[in-house]
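Written below as structure tokens is the structure these notes are about.
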Amino acid sequence: MSHFLSHDQTKADLTEYLAQKTLDYNKDSSQLIITSAAGHTRSNKDVGHFPHNNHEEADTLMISLGVAATAHSSRNVEMTFFSPDTDVLVLLIANYDVLPKNTSISMTSGTLHIKSIWTALGPAKAKALPALHAFSGADTHWSLCTNRQTDLVQAVPRC
Numbered sequence: 227m228s229h230f231l232s233h234d235q236t237k238a239d240l241t242e243y244l245a246q247k248t249l250d251y252n253k254d255s256s257q258l259i260i261t262s263a264a265g266h267t268r269s270n271k272d273v274g275h276f277p278h279n280n281h282e283e284a285d286t287l288m289i290s291l292g293v294a295a296t297a298h299s300s301r302n303v304e305m306t307f308f309s310p311d312t313d314v315l316v317l318l319i320a321n322y323d324v325l326p327k328n329t330s331i332s333m334t335s336g337t338l339h340i341k342s343i344w345t346a347l348g349p350a351k352a353k354a355l356p357a358l359h360a361f362s363g364a365d366t367h368w369s370l371c372t373n374r375q376t377d378l379v380q381a382v383p384r385c
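Residue numbers (the working numbering): 227 to 385.
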């Protein structure tokens with residue numbers, strides 16, 4: 227079974243299947259659901275055309291779609307991103323000022339509310355976080371401040 231899920235095509239097929247089933251399940255939901263799989267971004271609501279994309283763009287695409295959805299609604303709605311990727315977390319923190327006030331990310335370790343992190347860092351450090359994250363290589367190692375990635379928020383003031 228472990229070899230079955232280690233194949234890229236199997237993962238891609240499973241992701242596409244789950245994205246479609248999520249939309250099918252939520253077709254009559256009052257919530258706006260947006261999925262992106264196999265280069266196609268789709269929604270359960272008519273929100274216009276999404277351009278073709280690929281996985282490398284998925285991190286920024288999620289944030290861009292969140293900002294666009296916020297522009298068409300209110301900052302008083304709830305928005306949850308589902309991603310295990312720290313790149314998405316960093317981009318959410320940096321762009322919190324243009325996302326709903328109740329924005330969170332559901333990761334494998336649990337759900338994080340972005341407002342508390344953004345408030346602790348402050349607007350200037352939050353906006354600088356993507357550059358620090360890219361420079362440090364925090365997805366694989368935390369070399370800039372010689373701390374582990376889990377110490378990212380604590381290390382920002384020292385760097």
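Glycine residues also receive a C-beta, built at the ideal position from the N, C-alpha and C atoms.
| Check | Outcome |
| --- | --- |
| In its own chain, which residues sit with a C-beta less than 6 Å from the C-beta of GLU304, not counting the 5 before and 5 after it? | ASN328 |
| Nearest by alpha-carbon distance to THR357: which of ILE340, VAL316 and LYS341 is it? | The residue asked about is misnamed: residue 357 is Ala in this sequence, not Thr. Among ILE340, VAL316 and LYS341, the Cα nearest to that of ALA357 is on VAL316. |
| Express the C-alpha separation of ALA263 and SER309 in angstroms, rounding to a whole number. | 13 Å |
| On a Cα-Cα basis, can you pick out the residue from VAL293, ASP250 and SER255 that is closest to ALA320? | VAL293 |
| Rounded to the nearest angstrom, what separates LYS271 and HIS298 at their Cα positions? | 13 Å |
| Whose C-beta lies closer than 6 Å to the C-beta of TYR243 among residues of the same chain, with five residues either side of it excluded? | none |
| Taking buried to mean at least 16 other C-beta atoms within 10 Å of its own C-beta, is THR236 buried or exposed? | exposed |
| What residues in its chain sit with their C-beta under 7 Å from that of ILE259, if we drop five residues either side in the sequence? | THR248, LEU249, ASN252, SER269 and ASN270 |
| Look up ILE259 in the DSSP assignment and say whether it is helix, strand or coil. | coil |
| Which value, in whole angstroms, describes the spacing of the CA atoms of MET288 and GLY265? | 13 Å |
| Assuming contact is defined by CB atoms lying nearer than 8 Å, are LYS341 and TYR322 in contact in what I supplied? | yes |
| Let me confirm a value: THR337 is counted as buried when at least 16 other C-beta atoms fall within 10 Å, else exposed. Which label applies? | exposed |
| ALA254 to PHE361, Cα distance in whole Å? | The amino acid at residue 254 is misidentified as Ala; the sequence shows Asp. About 43 Å. |
| Buried or exposed, going by whether 16 or more other CB atoms sit within 10 Å of the CB of VAL330? | One detail in the question is off: residue 330 reads as Ser in this sequence, not Val. SER330 comes out buried. |
| Alpha carbon to alpha carbon, how far is GLY274 from THR334? Give it in angstroms, no decimals. | 31 Å |
| Report the start-end ranges of each beta strand (DSSP E) in the region 298-344 that is 3 residues or longer and not cut off at the edges. | 304-308, 328-333 and 336-339 |
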